[in-house]
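Asks: Okay, handing you the structure first.
In my numbering, the protein residues as written are 12 to 300.
Rendered as structure tokens:
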């Protein structure tokens, strides 16, 4: 890459105390999110669905076998369609859906966990990945959640808050092929790339969008700390959308993907373009189970 004429690494001018408080608040919220009732540490199941009718529960004869400690023997009977799942809750169970008592209802993908089907300590929602539907299941008594003691981070260092140059892609290059932990290739929106410098050397990362109406950029990257002090499959970083041709990269907010905490996630993995020949000494450390 050509030598940069102007520095692309700029320390942004927040008061140190205010900046530190912002990062500490971010990290506290992150720990509460991971360890919460529907956080990644509470996830106990990801069940891929095919059309038909199935019993959902912990009984060995269930077509969809729940393994969480709170799972009833027979939670519901479901009918799986192309775009939704019909639930009939087993008589005698107290269930809510979208915050209201429910015995029979349809659920489509995209329902937030807070509004999902809740039975005792269990929460279930329907998700879509490409053309497939799945049931995602949380349990407040999940062993990983019970054992969760918080997260570990590298020291906060404002030099890892970097102003990067935004390089938009032409509209003819809107998507990038991304591999996920399931070995599948998914297409993600790729509106552009960022170029930044550390120690006088230039680096580049491709930016993604998680949805058509995303309000932030999504970066999946690996660096020279991966599989050493940080999670082996890489880390995630979310940033504000570009403004005046710049993007604010704050690696102090780099975090582990969900698959660091559970086997039941569908994490996208870093593209080759985002494997940095650089040790990013900021952000979340590998999770200690």
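Glycine included, C-beta positions come from ideal geometry on N, C-alpha and C.
Could you name the residues of the same chain whose beta carbon sits closer than 7 Å to that of residue 234, not counting the 5 residues immediately before and after it, in chain order?
Replies: 287, 289, 290, 291
Asks: Between which two residues does the alpha helix (DSSP H) holding residue 161 run?
Replies: From DSSP, residue 161 is part of no alpha helix (DSSP H); its letter is neither H nor E.
Asks: With a CB to CB cut of under 7 Å and the five nearest residues on each side skipped, what residues in its chain are close to residue 124?
Replies: For residue 124, where only same-chain residues beyond five positions count, the Cβ hits under 7 Å are 49, 134, 136, 149.
Asks: Can you tell me whether residue 164 is buried or exposed, with buried defined as 16 or more other CB within 10 angstroms of its CB?
Replies: buried
Asks: How should residue 255 be labelled, buried or exposed, when 16 other C-beta atoms within 10 angstroms of its C-beta is the threshold for buried?
Replies: exposed
Asks: Need the endpoints of the beta strand (DSSP E) that residue 203 sits in, please.
Replies: 196 to 209
Asks: With 16 other CB atoms within 10 Å as the buried threshold, where does residue 218 fall?
Replies: It is buried - the Cβ of residue 218 has at least 16 other Cβ atoms within 10 Å.
Asks: Check whether the Cβ atoms of residue 60 and residue 145 sit closer than 8 Å, and answer yes or no.
Replies: With respect to residue 145, residue 60 sits close: the two C-beta atoms are nearer than 8 Å.
Asks: From the DSSP output, in three-state form, read off residue 85 for me.
Replies: Residue 85 falls in the coil class under three-state DSSP.
Asks: Express the C-alpha separation of residue 89 and residue 69 in angstroms, rounding to a whole number.
Replies: Going by C-alpha positions, residue 69 is about 14 Å away from residue 89.
Asks: What is the C-beta distance between residue 271 and residue 293, in whole angstroms, given that I count them as a contact (C-beta under 8 Å)?
Replies: About 17 Å separates the beta carbon of residue 271 from that of residue 293, a gap too long to meet the 8 Å contact definition.
Asks: Nearest to residue 97 by alpha carbon, out of 108, 116, 178?
Replies: 116
Asks: Report the partner residues of residue 232 according to the DSSP bridge assignment.
Replies: 246
Asks: In the DSSP assignment, find the alpha helix (DSSP H) that holds residue 33 and state where it starts and stops.
Replies: 27 to 45
Asks: Helix, strand or coil for residue 154? Go by DSSP, reduced to three states.
Replies: Note: residue 154 maps to helix in three-state DSSP.
Asks: Tell me, to the nearest whole angstrom, how far the beta carbon of residue 141 is from that of residue 197; I am working on the premise that it is less than 8 Å.
Replies: 6 Å
Asks: From this set, 79, 168, 58, 81, which residue's C-alpha is nearest residue 143's C-alpha?
Replies: 58
Asks: Can you tell me the Cα-Cα spacing of residue 178 and residue 201, whole angstroms?
Replies: 11 Å
Asks: From the DSSP output, read off the bridge partner residues of residue 258.
Replies: 175
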